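Single-structure report; data block below.
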Ligand code: ASP
């Protein structure tokens with residue numbers, strides 16, 4: 489009997505993992521992927537076929553735009569039948585946004601798409617990049633005995649943890665434990681072996697894989713805070729440029745109960761805008777029935793984000809708004825769990 493070697497496509501977008509210091513001004517700038525492979529000869533030891541694709545130009549992920557997500561989705565689609573899994577090397581700054589967006593843009597996914605990066609460039613002593621890259625490749629190529637992918641999801645692998653991509657937030661600007669998914673358990677942990685937490689990994693879709701690349705980015709985020717002014721709330725909630733506003737609220741979905749604030753929220757909702765309530769707390773969920781301040785938002789027409797992250801709420805809105813110009817269509821799907829991004 490002959491066994492087919494699993495195959496992985498390594499997609500390099502930029503980020504610290506592949507940067508080195510420019511002696512001219514001592515800032516970190518991306519270097520080419522050939523050098524990256526030289527730095528990690530361990531990859532050659534896997535019984536995997538590994539190919540690579542490098543974006544040009546390589547970018548610091550602070551420059552990521554939805555056009556890059558579209559390019560990524562198209563690249564994955566073009567190569568979908570040729571590979572068992574995909575690893576996306578990406579800067580950490582916006583990795584949670586990209587992983588969230590891709591989780592919505594890839595329809596009927598039945599293969600792993602693993603985002604990873606590092607806090608220290610791969611060429612530096614004590615880099616976290618090597619371990620992150622090596623484990624991500626192993627996970628992307630992991631197959632069950634029946635040939636199905638072990639993790640048919642968009643994920644982030646970082647510092648020994650495999651996390652659902654649309655549940656993640658960057659929680660540390662410097663430390664190696666850069667990502668957490670406070671409202672969802674890790675899908676796997678890398679120790680001596682990679683231990684998969686199969687109970688919480690999504691089942692592969694049985695539908696036909698496809699991509700949705702039409703995104704509508706007319707979304708604002710309003711983080712409420714003590715001292716927020718009427719002018720600011722008005723500009724964001726009633727501004728012409730936005731179809732939807734993510735309200736980042738206190739605790740379990742509460743906001744100021746002052747009349748002017750609720751009047752603007754009501755006015756915004758009555759103009760048909762999509763208002764989505766996401767808590768500022770990393771852990772826990774929005775429950776607008778608990779306090780009068782939350783109930784007032786619900787009565788004004790604000791929808792609950794449950795335990796969704798802001799990064800995921802943004803990707804979900806871009807995706808749903810790209811599907812239809814009808815805000816009522818978007819509202820009908822917003823509170824539903826589409827890709828494991830929201831707990832029931
Ligand atoms: N600024 C870098 C980026 O996000 C940071 C990193 O890669 O960790 O591209």
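In our numbering, the protein residues as written are 489 to 832. Virtual Cβ for every residue (Gly too), placed ideally from N, Cα, C. Since this is a predicted model, take the numbers as computed values, not measurements.
- Who are residue 630's beta bridge partners in DSSP? According to DSSP, residue 630 bridges with nothing at all.
- Own chain, CB closer than 7 Å to residue 769, minus 5 neighbours either side, in chain order: 739
- Straight-line Cα distance separating residue 805 from residue 744: 24 Å
- Going by the C-beta, is residue 548 closer than 7 Å to any heavy atom of the ligand ASP? yes
- Task: Please report how far the alpha carbon of residue 664 lies from the alpha carbon of residue 674, in whole angstroms.
- Result: 16 Å
- Keeping to the same chain, check which residues put their C-beta closer than 8 Å to that of residue 722; ignore five residues upstream and five downstream. 752
- Run through DSSP, which three-state label would residue 817 get? helix
- Jot down the residue ranges of each uninterrupted beta strand (DSSP E) in the region 529-557, minimum 3 residues, whole runs only, in chain order. 536-542
- Option in 550, 811, 625 and 593 with minimal Cα separation from residue 533: 625
- Proximity test, residue 581 beta-carbon vs the ligand ASP heavy atom, cut-off 7 Å: yes
- Give a yes or no on contact between the region 771-779 and the region 791-804, applying the rule of three or more CB pairs nearer than 8 Å. yes
- Task: Can you tell me which of the three DSSP states residue 805 falls into?
- Result: helix
- Task: Would you check whether the ligand ASP has a heavy atom nearer than 7 Å to the C-beta of residue 504?
- Result: yes
- Task: Determine the extent of the alpha helix (DSSP H) in which residue 689 is found, giving its start and end residues.
- Result: First-last for residue 689: undefined, no H or E at that position.
- Message: With three or more C-beta pairs closer than 8 Å as the rule, is the region 666-673 touching the region 700-719?
- Response: no
- Message: Strictly by DSSP, which residues pair up with residue 769?
- Response: For residue 769, which the question treats as bridged, DSSP gives no partner whatsoever.
- Task: Return the chain-ordered list of same chain residues with a C-beta closer than 7 Å to the C-beta of residue 572, the five sequence neighbours on each side being excluded.
- Result: 494, 495, 496, 599, 629, 631 and 637
- Any non-hydrogen atom of the ligand ASP closer than 7 Å to residue 607 Cβ: yes
- Query: At what residues does the alpha helix (DSSP H) containing residue 784 begin and finish?
  - Reply: 780-787
- Query: Given a threshold of 16 other Cβ atoms within 10 Å of its Cβ, counted over all protein chains shown, does residue 514 qualify as buried or as exposed?
  - Reply: exposed
- Task: Counting only runs of 3+ residues fully inside the region 730-763, write out the beta strand (DSSP E) ranges in chain order.
- Result: 732-737
- Message: Just list the residues that DSSP pairs residue 591 with in beta bridges.
- Response: Answer is none; residue 591 lacks a bridge partner.
- Between the Cα of residue 690 and those of 641, 647 and 678, spot the shortest distance and give me the residue it belongs to. 641
- Counting Cβ pairs, one atom from each stretch, are 3 or more of them under 8 Å apart for the region 583-592 and the region 802-821? yes
- Is residue 703 near residue 810, with beta carbons less than 8 Å apart? yes
- Can you tell me which of the three DSSP states residue 603 falls into? strand
- Query: When you compare only the Cα positions, how much space is there between residue 788 and residue 576?
  - Reply: 41 Å
- Within the region 646-684, ranges of the beta strand (DSSP E) (whole runs, at least 3 residues): 649-652, 676-678 and 682-684
- Item | Spatially closest choice to residue 732 from 682, 539, 535 and 814, by CA coordinates | 814
- Item | Straight-line Cα distance separating residue 818 from residue 812 | 7 Å
- Query: Does DSSP classify residue 639 as helix, strand or coil?
  - Reply: coil
- Item | Nearest to residue 749 (by Cα), restricted to the options 730, 729, 766 and 781 | 781
- Straight-line Cα distance separating residue 799 from residue 657: 7 Å
- Message: For a test of the three-state rule: what should DSSP assign to residue 507, helix, strand or coil?
- Response: strand
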